[in-house]
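Notes to accompany the following structure.
In this note's numbering, the protein residues as written are 11 to 108.
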C-alpha cells in the first residue's frame, strides 16, 4: 500500500514521463523500484510509456490504450508478438487443425 505522498510523487513522475519532460535517473530508479513491487505502479508506467510513444489515440485504439490492452512495447525483443499458428503447432493432437 502506498502512502498518499508516495503515490502523488510516483504519479507526477509518470505524468512527466508521458509528456516527454525530463525525468532524472534517480527518479526513474525510484519509479522502477515501486513498479516491480506494485502492479498499479507498473500499469501507470506502461501507460505513460505508451502515451509518450503513441500520443493521444481516438476510437478503438484509444479504448484499447485506456483499458491497457495490447502490447506494452512493440520493439521489445524479449516479448515478441504471439503467433496463433505457433500456439496451435504446440497444441495437443485433438486441438490441432489440419
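Here a beta-carbon is modelled for each residue, glycine too, at the ideal position from N, C-alpha and C. From a predicted model like this one, the values you see are computed outputs, not experimental measurements.
With DSSP run on the structure shown, which of helix, strand or coil describes residue i?
i, result
"residue 30", "coil"
"residue 48", "coil"
"residue 21", "helix"
"residue 67", "coil"
"residue 13", "coil"
"residue 79", "coil"
"residue 54", "helix"
Candidates the options: which alpha carbon is nearest residue i's?
i, options, result
"residue 64", "19, 33, 27 and 17", "27"
"residue 17", "59, 68 and 44", "44"
"residue 40", "24, 30 and 31", "24"
For residue i, is the classification buried or exposed, using 16 other Cβ atoms within 10 angstroms of its Cβ as the cut-off for buried?
i, result
"residue 55", "buried"
"residue 20", "buried"
Please list, in chain order, all residues of the same chain as residue i whose beta carbon is under 8 Å from its beta carbon, the five residues on each side excluded.
i, result
"residue 48", "12"
"residue 70", "none"
Beta-carbon within less than 6 Å of residue i's beta-carbon, same chain only, minus the 5 sequence neighbours each way: which residues are those?
i, result
"residue 30", "62"
If you drop the 5 nearest sequence neighbours on each side, which residues of the same chain put their C-beta closer than 7 Å to that of residue i?
i, result
"residue 52", "45"
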